[in-house]
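Residue 334 is where the sequence shown starts when you use my numbering, and the numbers rise one by one after that. Yeah, the Cβ is synthetic: ideal placement off N, Cα and C, and Gly gets one too. These notes concern the structure reproduced below.
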Amino acid sequence: MGKTIAIMQPYFLPYIGYWQLMKASDIFVVYDNIKYTKKGWVNRNRYLSNGKIKLFSIPLMKASNSLQIKDRYLAETYKLESAKTLRKIKDAYAVSKNFHPCFNLIERCFNANENNLFEFIYNSVAIFKDVLGLRAQLVVSSSIACDHSLNSAERVKAICTELGAESYINPVGGEHLYERDDFQKLGINLRFLKPRIEEYPQLSCQFQPYMSILDICMSCTFDEVKNNII
C-alpha cells in the first residue's frame, strides 16, 4: 500500500487541523531547514482566558531574520517567561474538565530541556502525537536526501519522491501552491485536507475556533479529542 506524505513547519501546540493532517498521513515531515518567519505561528499560539482570546509565545534570542528554524534558540529569559505563561494558562483553565491531565502535558512541553527552537517544538509535537494516538512516522526534513535549495513546490515533490510517496496531502489553504499535473507526472496523487472544526465546550460564551490544541484538550478528555481528529 502506498504511503501518504504530509509536510509542515513545526508549530508549538498547534490547532486541531494540524493533528487532523497528521492523522491522514503515514509519514509526517517536519521542516527544520526552512526560514523562521517572525510573524508566523511557529513559536506562538492562542488560548482562552475569561472568554477572551489571549496569545502565548516562546521568547527567542535575537538573531538574523534569514536564519532557519533549526538555527534559532530560546531566549535566556525563557525559563522565567515560561513560568509566567504556565501560571496564566493554569489560572485560565483551572476549572476545565480535563485540566490536570492536560496541564501535566503542557508543563512537559514548556519545561523541555531544550534551548534549540526546533528541538523544543519537535519535542512537544512528539508528546501530543503519542497522547492523541497518531501513528504517522515523524521525519525531520534535513534528514531527507534531496536538494533542499529547491523552491517550495519543487522541494515538496523532491521530498515526496525520495520517500516513495503515493500521495501528498496538504491543507486546503495551500491549494493554489501546487499543480495536480506536476505531481501526477511523478506518479503522486495530490490531495487536500479541509480541517474539520467542530464545536466543543469552551470557557467562552461564543465558540472560538482555531485555538491551540491545549484548549480542546483542557475542555475534553483525550479520547474525546481523538474522536475530533478522525
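Check your understanding: Between the C-alpha atoms of serine 537 and proline 504, what's the straight-line distance to the nearest angstrom?
Key -> 27 Å
| message | So lysine 421 and serine 382 are supposed to be a Cβ contact under 8 Å. How far apart are they, rounded? | response | 7 Å
Item to check | Three-state class that DSSP yields for threonine 337 in the structure shown | outcome: strand
For the putative contact between isoleucine 360 and leucine 496, defined by C-beta atoms under 8 Å, what is the C-beta separation to the nearest angstrom?
-> The beta-carbon distance between isoleucine 360 and leucine 496, rounded to whole angstroms, is 6 Å. This is short enough to meet the 8 Å contact definition.
Original post:
From glutamate 531 to glutamate 557, what distance separates their C-alpha atoms?
Top reply: A direct Cα-to-Cα measurement between glutamate 531 and glutamate 557 gives close to 12 Å.
How about asparagine 561 and tyrosine 543: do their beta carbons lie closer than 8 Å?
-> no
**Message:** By DSSP's criteria, leucine 419 is part of a beta bridge. Which residues make up the other side?
**Reply:** DSSP, once it has assigned bridges, lists no residue as partnering leucine 419.
**Asked** Are asparagine 378 and leucine 346 touching if we call contact CB-CB under 8 Å?
**Response** yes
Sorted by chain position, which residues of the same chain lie with C-beta nearer than 7 Å to asparagine 448's C-beta, five sequence neighbours on each side aside? Here the set comprises Tyr406, Leu407.
### Task
Compute the distance between the beta-carbons of lysine 490 and aspartate 515, then report whether it is under 8 Å.
yes
> Whole-angstrom Cβ separation of tyrosine 455 and isoleucine 338, contact assumed at under 8 Å?
Replying inline: Actually they do not touch by this definition, with Cβ atoms about 18 Å apart.
Just reading off the alpha helix (DSSP H) that asparagine 561 is part of, what are its end residues?
555-562
Quiz item: serine 476 to asparagine 446, Cα distance in whole Å?
Solution: 22 Å
Can you name the start and end residues of the alpha helix (DSSP H) that tyrosine 455 belongs to?
If you look at tyrosine 455, you'll find it in the alpha helix (DSSP H) that goes 450-464.
Is it true that the segment 384-393 meets the segment 429-439, where meeting means three or more beta-carbon pairs spaced less than 8 Å apart? no
| Whole runs of the beta strand (DSSP E) within the segment 467-545, excluding any shorter than 3 residues | 470-473, 498-504, 522-526
* To do: Would you kindly check if the distance between the Cβ of histidine 481 and the Cβ of asparagine 376 is under 8 Å?
  => no
**Prompt:** By Cβ distance, which residues of its chain are closer than 6 Å to alanine 498, with the 5 residues on each side in sequence left out?
**Reply:** Lys336, Ile338, Ile521
Whole-angstrom distance between isoleucine 546 and valine 363, CA atom to CA atom:
18 Å
Excluding sequence positions up to five away, which residues of its chain have a Cβ less than 7 Å from the Cβ of serine 358?
So the qualifying residues of the chain are Thr337, Ile338, Ala339, Ala469, Ile502.
- So aspartate 548 packs on tyrosine 380, CB below 8 Å; how close in whole Å? 6 Å
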